[in-house]
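**Q**
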Amino acid sequence: METYIIILLCIASFVAGFIDAIVGGGGLIQTPAALILLPAQSVASIIGTLKIPAFSGTSIASYQYLKQVKINWKLFVVMAIVSFTFAYLGSSLLNVTQNDFMKPLLFVILILLLVYTYFKKDFGQFQSSNLSMKKQYIYAIIISIVIGFYDGFIGPGTGSLLIMAFIAFLGFDFMQASANAKLVNLATNFGSITLFVLKGKIIWAIAIPMAFCNAMGSWVGARLAISKGNGFIRVFFLIVVGIALIRFGYDVFIK
């Protein structure tokens with residue numbers, strides 16, 4: 038492996054970790070970079086390898102958020118188990134099929150998400166949940182199934198989708214949603230990593246240096262998000278969803 042390729046991947050991983058720690062979506066940076074720089078590798082090997090830096094960075098960001106945000110640990114444990122299972126299933130499916138057919142649907146979903154968040158100025162600015170405990174768990178399980186499978190099968194933008202789901206369905210604010218998204222994302226990443234390790238798909242010579250750089254970026258991003266608060270996270274969220282739209286729009290209409 039050429040040294041300059043690893044350096045470029047590490048730079049992409051640092052930026053991805055920084056963005057992911059704030060609003061998710063780091064995969065929108067490092068996944069295209071890896072696909073371009075590693076053309077000889079299979080998609081499954083690339084996605085599997087990138088799960089290692091993603092897990093590393095999310096772990097660091099989670100630690101930072103946990104010092105500031107109160108977590109419902111019982112709810113998280115349920116979500117972690119469900120999302121782990123469905124991320125594993127999604128990654129299993131990725132090993133035997135292509136995921137391009139889902140990109141047009143994601144493109145439409147991202148447009149709706151961007152428009153809604155932009156025009157609803159108070160979206161995610163305060164906690165507003167009036168849900169019963171039963172409904173909270175039902176919504177949490179549905180979120181875990183859908184986004185857990187998505188993360189294993191496709192990946193990029195998972196953190197942003199989790200944040201949106203926590204705000205829209207569970208009434209969290211951006212800060213609380215970001216903290217919970219990081220924890221659930223750890224479970225989905227671990228589910229995928231388990232599958233890819235068993236299949237021997239991870240390129241460790243790339244995964245390890247990228248993991249270090251992603252962790253550094255996540256540390257910086259999480260501290261910035263915590264210090265700036267909900268308003269800053271909302272703006273960053275809009276930017277990242279916009280980037281995601283460009284990415285999936287390219288895949289759907291040009292590629």
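In my numbering, the protein residues as written are 38 to 292. Backbone N, C-alpha and C define an ideal beta-carbon position, used for all residues, glycine too. Computed from a prediction, not measured in an experiment: that's the story for all the values here.
Would a C-beta distance cut-off of 8 Å place G286 and G196 closer than the cut-off?
**A** No, they are not a contact pair.
**Q** Can you tell me where the alpha helix (DSSP H) with F55 in it begins and where it stops?
**A** Counting along the chain, the alpha helix (DSSP H) containing F55 begins and ends at 40-60.
**Q** Exposed or buried, what is Q67 when buried is set at 16 or more other beta-carbons lying within 10 Å of its beta-carbon?
**A** Per the 10 Å Cβ criterion, buried.
**Q** For L103, which of A262, D288, S50, V272 has the nearest alpha-carbon?
**A** Closest option to L103, Cα to Cα, is A262.
**Q** Please state whether DSSP places L168 in a helix, a strand or coil.
**A** Note: L168 maps to coil in three-state DSSP.
**Q** For the putative contact between F233 and G85, defined by C-beta atoms under 8 Å, what is the C-beta separation to the nearest angstrom?
**A** About 3 Å; that satisfies the 8 Å criterion.
**Q** How should T134 be labelled, buried or exposed, when 16 other C-beta atoms within 10 angstroms of its C-beta is the threshold for buried?
**A** Exposed, by the Cβ-count rule.
**Q** Keeping to the same chain, check which residues put their C-beta closer than 7 Å to that of R260; ignore five residues upstream and five downstream.
**A** Q101.
**Q** For I146, collect the residues of the same chain with a Cβ closer than 7 Å to its Cβ; drop the 5 residues on either side in sequence, then sort them by chain order.
**A** Closer than 7 Å at the Cβ level, and outside the excluded window around I146, lies no residue.
**Q** Using C-beta distances below 6 Å, list every residue in its chain close to I97, excluding the 5 sequence neighbours before and after it, in chain order.
**A** Excluding residues within five positions, the ones whose Cβ falls inside 6 Å are A252, S255, W256.
**Q** Which residue from T95, M116, L275 puts its Cα closest to that of G185?
**A** When each option's Cα is compared against that of G185, the closest is M116.
**Q** Count the CB pairs spanning the segment 231-245 and the segment 206-218 that are closer than 8 Å, and state whether there are at least three.
**A** The answer is no - the segment 206-218 does not touch the segment 231-245, with fewer than three Cβ pairs under 8 Å.
**Q** In whole angstroms, what separates the C-alpha of M201 from that of F274?
**A** So the alpha carbons of these two residues sit roughly 9 Å apart.
**Q** Report the three-state DSSP secondary structure of S181 (helix, strand or coil).
**A** DSSP places S181 in helix when its eight states are reduced to three.
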